[in-house]
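Notes follow the structure.
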Amino acid sequence: MSIGIKIAVDATRYGGLDADAAAFLTAAGITDATITNAINRLVLNYKGQGNLNTSINFWSNTNAIYPFVGGTSNTHKFNLKDPRDLDAAYRLTFSGGWTHSTNGITGNGTNAYANTFLQPNTIGLNSIRGLSYNRTNHVVASYRNLFGCTNLAFTSALVIDAAINLFAKRYFANAASDTGSDDGQILGLNAVIRTASNIVSGFKNNTKTLTSTRASVSANSLNIFIGANNFNGTVQANTYSDSNFAFAEFGAGISDTNYSLLYSMIQQFQTDLGRNV
Amino acid sequence: MVVALLTASQKKLIEGKEFAANSLFNPIQDIDGNWIISVEETHQVNKKFEWVKDLQLIDYKPILEDNAS
């Protein structure tokens, strides 16, 4: 006689749930197994201890990671890097009419933005990056901001500015803007990265859309907004995005090779959650 | 697209106030100078601000302005 025994093994329990992943999930009140596994795998990859990344430590050079999981404003607000419910932890505050769902946060193109409380001068003048993962293109045919903060003269900013189909994206990284080679479409991962005083790069997914020698000017002390531009302390009219954001993060500049690795990690995270584009 | 019309005093009353968990009202002006909020905000309000559900809805006419250059 034989007896069949079936044992279900949770990958996170088998490998152990990372302490930072656990802290984030606890703060957000998330117990869902799919999200738990996806967050754990993402954190391990950020730390260079994952299935895609075993050597590069992105964790230490990243200030804020917004994975937008759990489907509510209460779960979407937390910074994976520091999940305290504080402005000082770069926990998001949402303003205006966001829609929260399992696909992340969706702006209304009218008055919705999120305040990160993170400022470029906290990150660095000549080493800074901003990324957002967008699941839908803008509907409106004028420039809208994926994220941004800009001084009065537009000479010091961290912004990606995109208008669907009509114009190429504009990238700012502690300087004025450069125009990328793409057509303003934003499906997937959008990134602006400065790695030196005279090196700025733009990316859409794994394609480099900008190579610029524009010199850095200053790293301003304005809070970075997601879904609109913080124009010297107030939201700039008509920069409100109507896109669906499934991820955003901000940190130090990284090489093209490391960006490619980071893209793979974030794309895997979205695939784990069944919301990749 | 429709939006909810506010008086100036209603705008002052709700601006920056929390209407749902970790979500703040953000009244803006349209091209005619009207103060408005989005219908998403009116749908998500807590009991304290239920009165915004009764605001008049008007067509949204955005301010025409280029942005970052």
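Taken in sequence, the protein lines are chains G and S. Read in order, the letters of the first sequence correspond to residues 1 to 277 in the numbering used here. Read in order, the letters of the second sequence correspond to residues 1001 to 1069 in the numbering used here. A virtual CB, placed ideally from N, CA and C, is assigned to each residue, including glycine. Being a predicted model, the structure only gives us computed values, none of them experimental.
*Candidates Asn37/G, Leu44/G, Thr31/G, Lys169/G: which alpha carbon is nearest Asp272/G's?*
Restricting attention to Asn37/G, Leu44/G, Thr31/G, Lys169/G, the CA atom closest to the CA of Asp272/G is found in Asn37/G.
_C-alpha gap between Ser221/G and Phe78/G, whole angstroms_ = Going by the C-alpha atoms only, they are around 22 Å apart.
*Expressed to the nearest angstrom, what Euclidean distance is found between the alpha-carbon atoms of Ser101/G and Asn276/G?*
Roughly 15 Å separates the two Cα atoms.
*I think Tyr240/G touches Gly104/G, with their Cβ atoms under 8 Å apart; what is that distance to the nearest whole Å?*
Actually they do not touch by this definition, with Cβ atoms about 16 Å apart.
_Within 9 Å of chain S by C-beta, residues of the segment 169 to 196 of chain G in sequence order_ = The residues in question are Arg170, Phe172, Ala176, Ser177.
*Tell me where the alpha helix (DSSP H) around Lys941/S begins and ends.*
Because residue 941/S is not part of the residues shown, which for chain S are 1001 to 1069, the question remains open.
*Could you tell me which chain G residues have their CB closer than 7 Å to the CB of Leu1006/S, listed as they occur along the chain?*
Neighbours of Leu1006/S on chain G: none; closest Cβ ~12 Å, over 7 Å.
*Taking 7 Å as the CB-CB cut-off, is Ser95/G touching chain S?*
Between Ser95/G and chain S, the shortest Cβ-Cβ separation is below 7 Å.
*Expected contact under 8 Å - CB spacing of Phe94/G and Ser73/G to nearest Å*: With 8 Å as the limit, Phe94/G and Ser73/G qualify as a contact, their Cβ atoms being about 6 Å apart.
*At a Cβ threshold of 7 Å, is Glu1041/S touching chain G?*
With 7 Å as the cut-off, Glu1041/S counts as an interface residue toward chain G.
*Considering Arg129/G, what are the terminal residues of the beta strand (DSSP E) in which it resides?*
Element bounds for Arg129/G: 128 to 134.
*Between Asn198/G, Ala88/G, Asn223/G, Gly188/G, which lies nearest to Val159/G when the distance is taken from Cα to Cα?*
Considering only Asn198/G, Ala88/G, Asn223/G, Gly188/G, the residue with the shortest C-alpha distance to Val159/G is Asn223/G.
_Contacts of Lys77/G in chain S (Cβ-Cβ under 7 Å)_ = Contact of Lys77/G with chain S by beta-carbon distance below 7 Å involves Asn1022.
*List in chain order: all unbroken alpha helix (DSSP H) runs of 4+ residues lying wholly within the segment 75 to 157 of chain G.*
If we require 4 residues or more, the alpha helix (DSSP H) runs fully inside the segment 75 to 157 of chain G come out as 120 to 123.
*chain G within 7 Å of Ile1058/S, Cβ atoms only*: So no, Ile1058/S is outside the interface.
*Quick one: is the Cβ of Gly227/G within less than 6 Å of any heavy atom of the ligand NAD?*
Of ligands this structure carries none, so the ligand NAD is not represented either.
*Inter-residue spacing [alpha-carbon to alpha-carbon] between Ile56/G and Thr257/G*: Linking Ile56/G to Thr257/G through their CA atoms gives a straight-line distance of about 11 Å.
_Under 8 Å: do the segment 154 to 170 of chain G and the segment 1016 to 1029 of chain S share three or more Cβ pairs, one atom per stretch?_
The segment 154 to 170 of chain G, when compared against the segment 1016 to 1029 of chain S, does not touch it at the 8 Å Cβ threshold.
*asked:* Our contact map puts Leu1005/S next to Ile1058/S with C-beta atoms below 8 Å; I'd like the distance itself, whole angstroms only.
replied: About 5 Å separates the two Cβ atoms, so the contact holds.
*Hey, does Ile1031/S have any beta-carbon neighbour from chain G nearer than 7 Å?*
Not one chain G Cβ lies under 7 Å of Ile1031/S.
*asked:* Below 8 Å on C-beta distance, what does Ser1038/S contact in chain G?
replied: Those are Gly96, Gly97, Asn108, Thr110, Asn111, Ala112, listed as they occur along chain G.
*8 Å contact criterion, which Asn145/G and Ala228/G should meet: CB distance rounded*: About 6 Å separates the beta carbon of Asn145/G from that of Ala228/G, a gap short enough to meet the 8 Å contact definition.
*Quick one, which of Ile39/G, Thr34/G, Ser243/G has its alpha-carbon nearest Thr99/G's?*
Checked all of Ile39/G, Thr34/G, Ser243/G; the closest Cα to Thr99/G is Ser243/G.
_If you reduce the DSSP assignment to three classes, tell me which class Gln1044/S lands in._
In this structure, DSSP gives Gln1044/S a helical state, which the three-state scheme calls helix.
_Local conformation of Gln267/G per DSSP, three classes_ = DSSP, read as helix, strand or coil, puts Gln267/G in helix.
*asked:* Contact criterion: CB-CB distance below 7 Å. Does Asn165/G meet it with respect to chain S?
replied: Not one chain S Cβ lies under 7 Å of Asn165/G.
*Going along chain G in order, which residues have a C-beta closer than 7 Å to the C-beta of Asn1026/S?*
Result: Ser95, Gly96, Asn111.
_Near-chain S residues of the segment 51 to 76 of chain G (beta-carbon distance less than 8 Å), N- to C-terminal order_ = Correct list: Thr72, Ser73, Asn74.
*Unbroken alpha helix (DSSP H) run spanning Ile35/G, endpoints*: Unbroken alpha helix (DSSP H) run through Ile35/G: 33 to 46.
*Unbroken beta strand (DSSP E) run spanning Ala173/G, endpoints*: Element bounds for Ala173/G: 170 to 175.
*In angstroms with no decimal places, state the Cα-to-Cα distance between Leu187/G and Ala141/G.*
Using only the alpha carbons, I get a separation of about 15 Å.
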